[in-house]
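In the working numbering, the protein residues as written are 59 to 268. Glycine is no exception: its CB is placed at the ideal position from the N, C-alpha and C atoms. As structure tokens, the structure follows; a few thoughts come after it.
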Ligand code: GRF
């Protein structure tokens, strides 16, 4: 079983999708060993407790900069003997030492089709605001491995979502979560835990049928 930690910052709908997929048997060979929150009052912590998963808080507000924050997350992951990390609505970029130590072992979900609408400053509702401003007809979500640059790592899975004439940033955010994020993040975790991902440079090859 792959010992997996989920990092969260907010409501935890992506975490819930992971918990539900795991309970249905759709995430194979995976132990959901820890949920680590950057906020002490994140509802994601309650979701984890209800599912019987150990919870930890590393409060970003207690740190002057990201160096100490990332280092403490790193220490906790090491102490818990975590192999795989999934960022599920986690609102911070992790520092290079942690990302490099966990090369191809941290999976992030981004609410757009990378390399569009991604990188520094593209998070939360802002992504969907920019998508609507630009006028693209198709957006979606991307599950990818993390590297030191924001949203730059090898892509594991993508799922497209249609942009509608009457979309608001909020309606689009919701549909991207429902139709894309909640499906491809649990799927990417399972593919990793089943040892079906092979990274060659920027390309992630998936063994077997999807
Ligand atoms: C949303 O902004 C979503 O687009 C992004 O994470 C947020 C959802 O957070 N990827 P959560 O999973 O409900 O905490």
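- C-alpha distance - residue 172 paired with residue 217, whole-angstrom precision: Residue 217 has its alpha-carbon roughly 11 Å from the corresponding atom of residue 172.
- Message: For a test of the three-state rule: what should DSSP assign to residue 89, helix, strand or coil?
- Response: Of the three classes helix, strand and coil, the one that applies to residue 89 here is strand, per DSSP.
- Whole-number beta carbon distance between residue 206 and residue 144, since they are thought to touch under 8 Å: At roughly 18 Å, the Cβ-Cβ gap does not stay under 8 Å, so residue 144 and residue 206 are not in contact.
- Check whether the region 158-173 touches the region 234-242, counting contact only when three or more Cβ pairs, one atom from each stretch, lie closer than 8 Å. Counting Cβ pairs under 8 Å, three or more are found: they touch.
- Are the region 254-266 and the region 64-79 in contact at 8 Å, needing three or more beta carbon pairs? The region 254-266, when compared against the region 64-79, does not touch it at the 8 Å Cβ threshold.
- Could you give the residue range of the beta strand (DSSP E) that holds residue 167? Per DSSP, the continuous beta strand (DSSP E) segment holding residue 167 begins and ends at 164-168.
- Mind checking whether the beta-carbon of residue 182 lies closer than 7 Å to any heavy atom of ligand 1? The beta carbon of residue 182 sits closer than 7 Å to at least one heavy atom of ligand 1.
- Query: Between residue 60 and residue 135, is the Cβ-Cβ spacing less than 8 Å?
  - Reply: In this structure, residue 60 sits away from residue 135, with a CB-CB distance that is not shorter than 8 Å.
- Message: So, at 7 Å on beta carbons, what are the nonlocal neighbours of residue 178 in its own chain, with the 5 sequence-adjacent residues on each side left out?
- Response: Excluding sequence neighbours, residue 178 sits near 208.
- Message: Suppose contacts are defined by Cβ-Cβ distances below 8 Å. Is residue 149 in contact with residue 67 by that definition?
- Response: Yes, Cβ-Cβ distance for residue 149 and residue 67 is below 8 Å.
- Message: Using a Cβ-based criterion (distance less than 7 Å to any ligand heavy atom), does residue 62 qualify as near ligand 1?
- Response: Not one heavy atom of ligand 1 lies closer than 7 Å to the C-beta of residue 62.
- Message: So the candidates are 126, 220, 260, 176; which of them puts its Cα closest to the Cα of residue 152?
- Response: When only C-alpha atoms are compared, the closest one is 126.
- Assuming residue 252 and residue 87 make a contact with CB atoms under 8 Å, what is their CB distance in whole Å? Right, their Cβ atoms sit about 6 Å apart.
- Item | Neighbourhood of residue 269 by C-beta, 7 Å cutoff - its chain only, sequence neighbours within 5 removed | Residue 269 falls outside the range modelled here, since the chain spans only 59 to 268, and no answer is possible.
- If we ignore side chains and look at the alpha-carbon of each, how far apart do residue 84 and residue 230 end up? When rounded, the distance between both Cα atoms is 26 Å.
- Which listed residue (139, 124, 243, 81) has its alpha carbon closest to that of residue 213: From the listed residues 139, 124, 243, 81, the smallest Cα separation to residue 213 is found for 243.
- At what residues does the beta strand (DSSP E) containing residue 114 begin and finish? Where residue 114 is concerned, the enclosing beta strand (DSSP E) stretches over 113-115.
- Closest by CA to residue 245, which one among 259, 199, 182? For the residues 259, 199, 182, the minimum Cα distance to residue 245 belongs to 199.
- residue 127 (DSSP reduced to helix, strand or coil): The answer is helix: DSSP assigns residue 127 an H, G or I state.
- Between which two residues does the beta strand (DSSP E) containing residue 218 stretch? Note, residue 218: beta strand (DSSP E), 213-220.
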